[in-house]
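A.B. asks: Structure below; questions to follow.
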Amino acid sequence: MIYKILSLFVAVTVLLSTITPFAICQDNGAVVAISSLSTAIDTAFENNKDIKIQEKELNIARANILGAKSEFLPQLNSQASYTHNGAVLNVGSSIITSTKKDLGVVTGYNNDNKIGVSVDQIVYNGGANTANLKQNQLNLKVAEQTLRATKLDVEFETKRLYYGLLLAYETLRITQELVDQAQLHYENVKDKFGHGTASRFDLLQSKVHVAKLLPELVKARNAVKLMKEDLKKILGVDMKDTIDVRDMLSYKLVSLNEKEFLKEAYLNKPEMILRSLGIDISEWGIKLARSNGLAQINASLGYNYRSNDVADMFNNRHSNWNAGVAVRMPIFDGFSTKAKVDEAKAKYAQAILSKENLSDQVNVDIKKACLDLKEAFSIIKSQRANIVEAKDALRIAEVGYDNGVDINLDVLDAQVSYTLAGMLLWRGVALLILNGLTISPFPSNYLKYFTSFLPGGNADSSTVFTVTMLVGVLASGIFVLLRIIDRRKKKAKHYEVESFALMISKSLAISVVILILFFLLGEHKGIPVVLILASVIVFVYSFYTSRTVPGRHLYAFGGNEKAAKLSGIDTNRVLFSVYLNMGFLSAIAALVCVARFNSAAPTAGQNYELDAIGSCFIGGASAYGGIGTVGGAVVGAIFMGVLNNGMSILGIDSNWQKAVKGLVLLAAVVFDVLSKKRVKNN
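Note that the sequence shown covers residues 160 to 841 in the working numbering.
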């Protein structure tokens, strides 16, 4: 009953996902027509907020240059003041003659009014103003190159999303074509079943094949919708608007010239230019730091009127002027200047190393991109012929089945081959469009979910150690308790169990290992979030496979599919659930890998399935099926991880690493086959 309800729920969900949900997500915005890639790029340049932010940074840099130039110009100031003094110098008479200055101009008044102007000019300040101007001029170039880099990033992201949307359209078209073919084949088998020329097994098999393809169709449609949302964001249009891309996916092969690519990158790549500008800025920073230890010369000139009566102020008796030059020469500043110069020199050396490091990375990126492009070319070239052959094979299989020569499985295999060929072809096109480039870095909020530690980065070392050890003690205690409970249950059912002393000794040994592990984690940064995630997954799937009916069905299906089907197990449902869970776990693994590497490459994850298979065999899974545990697979994965890291640390060639892993996998399979054969003979 529960399975029927779940099946009905899944069917309704798929049906609702395949139609446009007008009542929920109705778009009320305008339609933004994008006729070509150039139109999309122009729209992004006009509306993208990152570009607008960087343009403001450019204005700030221009304003800083004007501020630096102001240090070369004289400073003209005017001042006016009123001061009431309780007492002033009394010389007997405030006025000597009508032709002399009023002495109050010098000594002051009880009601002191003063108005004047002054001019100050920096004659020489050790070259600080020149260094400051040069740095700000270089900072303007930095802002210009940063703006250029931002535009290139926006252009690349626009191209990626634009071609990604076209690719999503093609994927949807292929998936829709495959569903139509499967549906047409199902109708054909259904018609034959009605005439008695096809078996019920063929009918069910064709129906299941259609059901398996429908989620892929929904996935392809959702991919188109999500790609449109991402494209709207990079274009800077209103999220309520609708994107209408009126273009077809096309590509052209480019000639690979690694030397020209490197030359172009070294000369024009914004990051390389920014590193060079950083070196120049650091060099002027050294001169700016040295200016603190050199002579400082300032000149000043002033003219003012001073009187106790505002009405009798502006005359020769109340006027006065001054002019002067000030020279300051540092003798000892407590090594402050030396410290600043040493710091500036270190930054200069750091800037040089940063450019050299980037140069090496550019070299690696160019080589990797060229290799990825070659791989994409070879995939496209090979899969073109495969698609034609797959179509012919599908047509031949359908004709053979209609004439009673081939079986239903031949048609399904041909459809799968056609799908696989199309998938590989578009994978090559994706590599070609992206030029094999890696997307990096990722947002820090995303990374912290998989790279952080508990109890958290703000906790002190003692708190981290205490919390980690408490969790370790709790985990070891739960492990021992579960072992005791499991032994009691087996003993109550009269199963053969090991002695209590042996069980306790094994549990204590494993508990000691757990405590040592948590001790090392506590001494480091705490408990990794990834470890918690992996532990939860292991616990849930261990319980699912060993304590639930669907889990036992899974073992029965793996041991003997036909026997499981004859015993009443819905093997199609079991197989579907296996693929569904594997897709879910693969998605989690991909999220963790992307977060750990802080990058995502078009070719990432290839051949990881071989390590996964090897981990299962090493962990005790049987080539005959029906045997194995989640814990054993984890142990096998740890073994494979240690093997990979160990060989990498030792500097073993990657080809030899693959050979060694292949030998280990072969040994595990041979051991499994021989042990099963020995048991069978006995």
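Just so you know, even glycine gets a beta-carbon here, dropped at the ideal spot from N, CA and C.
1) Buried or exposed, going by whether 16 or more other CB atoms sit within 10 Å of the CB of LYS215?
2) Quick check: the Cα distance between LEU326 and GLU375, rounded to an integer number of angstroms?
3) Per DSSP, what kind of secondary structure is ARG487 in: helix, strand or coil?
4) Is it a yes or a no for the region 810-820 touching the region 780-791, going by three-plus beta-carbon pairs under 8 Å?
5) Between ARG639 and GLY710, what straight-line distance do the alpha-carbon atoms span, to the nearest angstrom?
6) Between the alpha carbons of SER658 and VAL672, how many angstroms are there, rounded?
7) Could you tell me the boundaries of the alpha helix (DSSP H) in which GLY189 lies?
8) First and last residue of the alpha helix (DSSP H) that includes ASN457?
9) Identify, in the order they occur along the chain, each residue of the same chain with its Cβ nearer than 8 Å to the Cβ of THR305, setting aside the five sequence neighbours on each side.
10) Scan the region 181-248 and note each continuous alpha helix (DSSP H) run of 4 residues or more that stays entirely inside, going in chain order.
11) Going by DSSP in three states, LEU809 sits in which element: helix, strand or coil?
12) Spell out the partners DSSP gives ASP271 in its beta bridges.
13) If LEU331 sits next to ARG405, beta carbons under 8 Å apart, how far is it from one beta carbon to the other, in whole angstroms?
14) So, under 8 Å CB-CB, ASN288 and PHE231 are touching, yes? Tell me the CB distance rounded to an integer number of Å.
15) Determine the DSSP secondary structure at LEU613, reduced to helix, strand or coil.
16) Helix, strand or coil, according to DSSP, for VAL656 in the structure here?
17) Which two residues bound the contiguous alpha helix (DSSP H) that contains ASP403?
18) Mind checking GLN238: buried by the 16 CB within 10 Å criterion, or exposed?
19) If you reduce the DSSP assignment to three classes, tell me which class ASN479 lands in.
20) With a threshold of 16 other CB atoms inside 10 Å of the CB of ARG706, please say whether the residue is buried or exposed.
21) What is the residue span of the alpha helix (DSSP H) that PRO429 lies within?
22) Check each candidate in ALA651, SER745, ALA760 and VAL751 and name the one with the smallest Cα separation from GLU768.
23) On the DSSP letters alone, give me the boundaries of the alpha helix (DSSP H) that VAL396 sits inside.
24) Is TRP443 buried or exposed, if buried means 16 or more other CB atoms sit within 10 Å of its CB?
25) Which residue or residues does DSSP assign as beta-bridge partners of ILE686?
26) So, SER466 versus ASN295, is the Cβ gap smaller than 8 Å?
27) What's the C-alpha gap between ILE686 and ALA222?
28) Thinking ILE393 and VAL313 are a contact (beta carbons under 8 Å), I'd like their distance in whole angstroms, please.
29) Return yes when the Cβ of PHE677 is within less than 8 Å of the Cβ of GLY631, no when it is not.
30) Looking only at C-alpha atoms, which of PHE315, LYS371, VAL801 and GLY355 sits nearest to ALA341?
31) Since VAL500 and ALA458 should fall inside the 8 Å C-beta cutoff, what is the C-beta to C-beta distance between them, to a whole number of angstroms?
32) Exposed or buried, what is SER414 when buried is set at 16 or more other beta-carbons lying within 10 Å of its beta-carbon?
33) Could you pull out every residue in the same chain whose Cβ sits closer than 7 Å to the Cβ of ILE445, ignoring the five residues on either side in sequence?
34) For LEU297 and PHE612, what's the separation of their Cα atoms in angstroms?
35) Got a sec, what are the start and stop residues for the alpha helix (DSSP H) VAL265 sits in?
36) Does the Cβ-Cβ distance between ILE402 and ILE193 come in under 8 Å?
C.D. replies: Quick look at the numbers:
1) Answer is exposed; the Cβ neighbour count stays below 16.
2) Note on geometry: alpha-carbon atoms of LEU326 and GLU375 lie some 15 Å from one another.
3) Residue state, collapsed to three classes: strand.
4) Judged by Cβ distances under 8 Å, the region 810-820 makes no contact with the region 780-791, as fewer than three pairs qualify.
5) Looking at the sequence itself, residue 639 is Val, so the reference to Arg does not match. Rounded to whole angstroms, VAL639 and GLY710 show a C-alpha spacing of 24 Å.
6) Their backbone Cα atoms lie some 22 Å apart in a straight line.
7) Strictly speaking, residue 189 in this sequence is Ala, with Gly absent from that position. Note, ALA189: premise wrong, no alpha helix (DSSP H); not H, not E.
8) Taken as a continuous stretch (DSSP letters only), ASN457 belongs to no alpha helix (DSSP H), being part of the beta strand (DSSP E) at 455-466.
9) Once the five neighbours on either side are set aside, the close Cβ partners of THR305 are GLN213, GLU216, PRO429 and LEU433.
10) Qualifying alpha helix (DSSP H) stretches, in chain order: 181-184, 196-206 and 208-228.
11) Here LEU809 sits in coil by DSSP.
12) DSSP links ASP271 through a beta bridge to THR242.
13) Contact doesn't hold; Cβ gap of about 16 Å is too wide.
14) The pair is a contact, with the Cβ atoms about 6 Å apart (cut-off 8 Å).
15) Strand.
16) Correct three-state label for VAL656: coil.
17) Where ASP403 is concerned, there is no enclosing alpha helix (DSSP H), although the beta strand (DSSP E) it sits in stretches over 401-404.
18) With fewer than 16 other Cβ atoms within 10 Å, it is exposed.
19) The three-state reading of DSSP puts ASN479 in strand, counting E and B together.
20) The C-beta of ARG706 has fewer than 16 other C-beta atoms within 10 Å across all chains shown, which makes the residue exposed.
21) Secondary structure note for PRO429: its alpha helix (DSSP H) is the uninterrupted segment 429-449.
22) Nearest of ALA651, SER745, ALA760 and VAL751 to GLU768, Cα basis: SER745.
23) Where VAL396 is concerned, there is no enclosing alpha helix (DSSP H), because DSSP gives it neither an H nor an E.
24) TRP443 comes out buried.
25) Answer is LEU613, bridged to ILE686.
26) Cβ atoms of SER466 and ASN295: not closer than 8 Å.
27) ALA222 has its alpha-carbon roughly 49 Å from the corresponding atom of ILE686.
28) Correct: roughly 7 Å between the Cβ atoms.
29) Taking the C-beta atoms as reference points, PHE677 is found nearer than 8 Å to GLY631.
30) Nearest C-alpha to ALA341: LYS371.
31) Here VAL500 is actually not in contact with ALA458; their C-beta atoms are around 28 Å apart, not less than 8 Å.
32) Residue burial is scored here from C-beta neighbours: SER414 has fewer than 16 other C-beta atoms within 10 angstroms and is therefore classed as exposed.
33) Result list for ILE445: VAL500, ALA503, LYS504 and TYR507, in chain order.
34) Rounded to the nearest angstrom, the two C-alpha atoms are 41 Å apart.
35) Run containing VAL265: 263-266, per the alpha helix (DSSP H) assignment.
36) Their beta carbons are under 8 Å apart, which means ILE402 touches ILE193 by this criterion.
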